[in-house]
Amino acid sequence: MRSVTAHALSTIMLLLAGLALTQPVRADAPPPTDRPFLRIVVIDHSPPFSDRDAAGVLFGFNIDFGRELCRSLGAVCSFDAAPFKQIIDDVAAGRYDIGFGNVLRTPDREQRLLFSIPYWRSSTSLVGHRGMPELGLEEAIRSRRIAAIRGSRQHAALVRLADADPVLHANLVPVSTLDDLWDAMRSGKSDMAIGPTLNVVHFLLSDPGDGFETIGTPMSDDGLGGTVHIVFPPGQHALKAAVDRALTALRNDGTYQRINRHYFPFDIY
Numbered sequence: 003m004r005s006v007t008a009h010a011l012s013t014i015m016l017l018l019a020g021l022a023l024t025q026p027v028r029a030d031a032p033p034p035t036d037r038p039f040l041r042i043v044v045i046d047h048s049p050p051f052s053d054r055d056a057a058g059v060l061f062g063f064n065i066d067f068g069r070e071l072c073r074s075l076g077a078v079c080s081f082d083a084a085p086f087k088q089i090i091d092d093v094a095a096g097r098y099d100i101g102f103g104n105v106l107r108t109p110d111r112e113q114r115l116l117f118s119i120p121y122w123r124s125s126t127s128l129v130g131h132r133g134m135p136e137l138g139l140e141e142a143i144r145s146r147r148i149a150a151i152r153g154s155r156q157h158a159a160l161v162r163l164a165d166a167d168p169v170l171h172a173n174l175v176p177v178s179t180l181d182d183l184w185d186a187m188r189s190g191k192s193d194m195a196i197g198p199t200l201n202v203v204h205f206l207l208s209d210p211g212d213g214f215e216t217i218g219t220p221m222s223d224d225g226l227g228g229t230v231h232i233v234f235p236p237g238q239h240a241l242k243a244a245v246d247r248a249l250t251a252l253r254n255d256g257t258y259q260r261i262n263r264h265y266f267p268f269d270i271y
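Our numbering applies: residue 3 is where the sequence shown begins, and numbers increase by one.
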């Protein structure tokens, strides 16, 4: 099935071609082509959304979907990976054209970036040893040591709770990466961990996740969830509009659902 009409595709090509001509060519750029060249950045090591294989090649949901998006746009794309905060800074500065950073839309980020229509929905989950009683977040931090990735929205939520009762800071175990999050729990440094639900699901389906389960229901209030968006540099309205149309087309022709099923046992949209 054709994702867009010939006229619409021609319009997209013209818009993107104009964009690409204004961009500096990096060392990893492909040879000259009549197709527009777009630079895409994803989160470094955030399985199942993005990770690297033994050879250092990026793979994951955002990579597969990004490639289909580029195909629909008729563009040649490069892929790079960076920490979450760097993605926001680099896209805002125009060093990348598209950011697949699993970014939630917030008022401060709207001052720096353009946002696509939603392409999946995020929430937060607690995870602990199988058989642990169900606990709400405030009850959990009062009675358990909880690991959270430093600087994440989950970490920020725990800090807010602990600031109200400083003794609770002793139960907060900050870590640097997803691997550290699971390792803290498996090694006994923490009793529980908190993270994005889809990353938690990926961990629970892996061998290291055996013996663990989610505690309570997923959370989305107070900045712990919401719609997730592709981001663009400020002013790139033509690119945003083209990506929005392509994203809708990939949903309508079943491409999005095919990629979704490869990585997740349920619809994440």
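Ideal Cβ placement from N, Cα and C applies to all residues, glycine included.
These numbers come from a predicted model, not from an experiment.
If I measure Cβ to Cβ from GLY96 and keep anything under 7 Å in the same chain, skipping five residues before and after, which residues do I get? In the sequence shown, counting from the first residue as 1, residue 96 sits at position 94. Here the set comprises PRO235.
Three or more C-beta pairs under 8 Å: does that hold for the stretch 199-212 against the stretch 126-144? When Cβ pairs closer than 8 Å are counted between the two stretches, the stretch 199-212 is seen to touch the stretch 126-144, the count reaching three or more.
Mind checking which residues open and close the beta strand (DSSP E) that includes HIS2? Residue coverage of the chain in this structure runs from 3 to 271, which leaves residue 2 outside it and unanswerable.
Based on DSSP bridge pairs, tell me the residues matched to VAL43. Residue 43 sits at position 41 when you count from the first residue of the sequence shown. DSSP output for VAL43 lists ASP82, GLY101 as bridge partner(s).
Beta strand (DSSP E) segments (min. 3 residues) lying fully within the stretch 135-216: 148-151, 174-177, 194-198
Would you tell me roughly how many angstroms separate the C-alpha atoms of ASP53 and PRO198, rounded to the nearest one? Locating residue 53 in the sequence shown gives position 51, counting from the first residue. Locating residue 198 in the sequence shown gives position 196, counting from the first residue. ASP53 and PRO198: Cα-Cα distance of roughly 16 Å.
Using 10 angstroms around the beta-carbon of ALA172, count the other beta-carbons present and answer buried if the total reaches 16, otherwise exposed. The residue you call residue 172 lines up with position 170 of the sequence shown. Under this definition ALA172 is an exposed residue.
Pick from ARG162, ASP36, ASP185, ALA77: whose alpha carbon is nearest that of PRO210? In the sequence shown, residue 210 corresponds to position 208, counting from 1. Shortest Cα-Cα distance from PRO210 to any of ARG162, ASP36, ASP185, ALA77 involves ASP185.
Cα-Cα, which of LEU106, GLU140, GLN238, LEU137 is closest to ILE100? In the sequence shown, residue 100 corresponds to position 98, counting from 1. Of LEU106, GLU140, GLN238, LEU137, the residue nearest in Cα terms is GLN238.
Selected residue, minimal CA-CA separation from ALA142, among LEU174, ASP246, ASP255, LEU71: In the sequence shown, residue 142 corresponds to position 140, counting from 1. Measuring from the Cα of ALA142, the nearest candidate turns out to be LEU174.
Tell me where the alpha helix (DSSP H) around THR250 begins and ends. Your numbering for residue 250 matches position 248 in the sequence shown. Segment 239-254, the alpha helix (DSSP H) holding THR250.
Could you pull out every residue in the same chain whose Cβ sits closer than 8 Å to the Cβ of LEU163, ignoring the five residues on either side in sequence? Here residue 163 corresponds to residue number 161 of the sequence shown, with the count starting at 1. The answer, listed in chain order, is LEU139, GLU140, ILE143, LEU170.
Selected residue, minimal CA-CA separation from ILE217, among ILE148, PHE102, SER189, SER118: On the sequence shown, residue 217 is found 215 positions in, with the first residue counted as 1. Among ILE148, PHE102, SER189, SER118, the Cα nearest to that of ILE217 is on ILE148.
Where ASP224 sits in the DSSP three-state scheme: Translated into positions along the sequence shown, residue 224 becomes position 222. Three-state result, ASP224: coil.
Take the Cβ of PRO49 as the centre, count every other Cβ of all protein chains shown within 10 Å, and call the residue buried at 16 or more, exposed below. As a position in the sequence shown, residue 49 is number 47, starting the count at 1. By the 16-neighbour rule on beta-carbons within 10 angstroms, PRO49 is buried.
Helix, strand or coil, according to DSSP, for LEU2 in the structure here? As displayed, the chain neither begins before 3 nor continues past 271, which places residue 2 out of reach and without an answer.
How is the beta strand (DSSP E) around PRO120 delimited, first residue to last? Within the sequence shown, residue 120 is the residue found at index 118, counting from 1. Unbroken beta strand (DSSP E) run through PRO120: 116-124.
For VAL177, does the count of other Cβ atoms within 10 angstroms reach 16, so buried, or fall short, so exposed? By one-based count along the sequence shown, residue 177 stands at place 175. VAL177 should be labelled buried.
With PRO109 as the anchor, note down where its alpha helix (DSSP H) starts and where it stops. Locating residue 109 in the sequence shown gives position 107, where the first residue counts as 1. Taken as a continuous stretch (DSSP letters only), the alpha helix (DSSP H) holding PRO109 covers 109-112.
Determine, using beta carbons only, whether VAL44 and ALA77 come nearer to each other than 8 Å. To locate residue 44, count along the sequence shown from 1; it is residue 42. To locate residue 77, count along the sequence shown from 1; it is residue 75. Not in contact: VAL44 and ALA77 (Cβ atoms no closer than 8 Å).
Expressed to the nearest angstrom, what Euclidean distance is found between the alpha-carbon atoms of HIS157 and ASP36? Against the sequence shown, residue 157 aligns to sequence position 155. Against the sequence shown, residue 36 aligns to sequence position 34. The alpha-carbon atoms of HIS157 and ASP36 are separated by roughly 46 Å.
Pull up the DSSP beta-bridge partners for HIS264, would you. Taking the first residue of the sequence shown as 1, we reach residue 264 at position 262. Paired residues: none, contrary to the question.
Label LYS242 either buried or exposed according to how many other C-beta atoms from any shown protein chain fall within 10 Å of its C-beta, with 16 as the threshold for buried. As a first step, residue 242 must be located in the sequence shown, where it is residue number 240. The residue in question, LYS242, is buried, as its Cβ has 16 or more Cβ neighbours within 10 Å.
For PRO38, is the classification buried or exposed, using 16 other Cβ atoms within 10 angstroms of its Cβ as the cut-off for buried? Here residue 38 is taken as the residue at index 36 of the sequence shown, counted from 1. Answer is buried; the Cβ neighbour count reaches 16.
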